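Data first, discussion second: the structure below is written as structure tokens.
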Amino acid sequence: MNSSNKQLSLSQRILIMIALALVIQLPPVIELMIGSGLHNLNYHWMPWIVTFGVMAYTILFFVIILWAYQLFKRYRRWPVRTKSWGSQIGWILISYLVLLSGVGALSTLNQLLYHQTTTSNNDTIQSLAQSSPVLLVITALSGIFLSPLAEELIFRGVLMNFFFKASSFWPPILLSGLIFTLEHSSTTIVSYLIYFFMGGVLAFVYRATGQLKISIGLHFLNNLIAMLELIIPILIK
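The numbering of the sequence shown is our numbering, which starts it at -14 and goes up by one.
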């Protein structure tokens, strides 16, 4: 166990992780509230609620990111193994191809077994993005930048360093994949497997390289392409 972890008991670390897992669910709730306000702008106080909601949404994300970063910086345990820019970019691109192949295969299986072309989580994101230009911008910015950064800090940076010895390899990867899965809404077993696979690949990249910025870069790339696939059809309608 990392000596710095001795400053916190197991129960304290569990409570911190529960708190992080809960607060990262608040921005989507605020986004739904903003959407509700945008559909009721005939009421004179709704513009103020929307403005406050956008501010609260942004501030909350930055608070979550700062909190998770401070925890990660304090408890990180694995040495950096991949240092050159070329190797970092190589890790991101190769891992993205692995991610794309695995998610593609599981998505095909999900469609064959449950007739779902997208996951429940993606349906929610698409519905929000289509509802108004304001939510389209918020969804795009958070999906591409804020969510990947916050989620990597929480589910890779903090979670994987909090509960395992420095020699552990697969257990933190599996736990990270599991918790990441539970944080995303799904309605079928296969859609849960999709998020487990995604979380597992991201966790493997971090554990193998010791560089959280590589898993963040992979998450950025994945969400950027997914968001473009979602946004472009909306914009050209």
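All residues carry an ideal CB built from backbone N, CA and C; glycine is no exception. Computed from a predicted model, the values in this text were never measured in an experiment.
Going by DSSP in three states, G20 sits in which element: helix, strand or coil? helix
Hey, how far is the Cα of P12 from the Cα of Y81? 26 Å
Roughly how many whole angstroms lie between the Cα atoms of S(-4) and L138? About 20 Å.
From Q(-8), S21 and L206, residue whose alpha carbon lies closest to that of S112: S21
Taking 8 Å as the cut-off, does the stretch 191 to 205 touch the stretch 57 to 76 (at least 3 CB pairs, one atom from each stretch)? yes
Same chain, Cβ closer than 7 Å to G162, five either side skipped, listed in chain order: F181, G184, G185 and A188
Would you call the stretch 128 to 142 and the stretch 153 to 167 touching, i.e. three or more CB-CB distances under 8 Å? yes
For L84 and R62, I'd like the C-alpha separation in whole angstroms. 26 Å
Terminal residues of the continuous alpha helix (DSSP H) containing T93? W70 to Y99
Measuring alpha carbon to alpha carbon, tell me which residue in A90, F165 and I201 is nearest I3. F165
Roughly how many angstroms separate the alpha carbons of V35 and T124, rounded to a whole number? 15 Å
Is the CB-CB distance between L209 and V190 below 8 Å? no
Label F57 either buried or exposed according to how many other C-beta atoms from any shown protein chain fall within 10 Å of its C-beta, with 16 as the threshold for buried. buried
Run through DSSP, which three-state label would T102 get? coil
Can the beta-carbon of I50 be found closer than 8 Å to that of L134? With contacts defined as CB atoms closer than 8 Å, I50 and L134 qualify as a contacting pair.
Ignoring anything shorter than 4 residues, give me the alpha helix (DSSP H) runs that lie fully in the stretch 99 to 152, in order along the chain. Counting whole runs of 4 or more residues, the stretch 99 to 152 contains the alpha helix (DSSP H) stretches 105 to 116, 118 to 126, 132 to 137 and 144 to 147.
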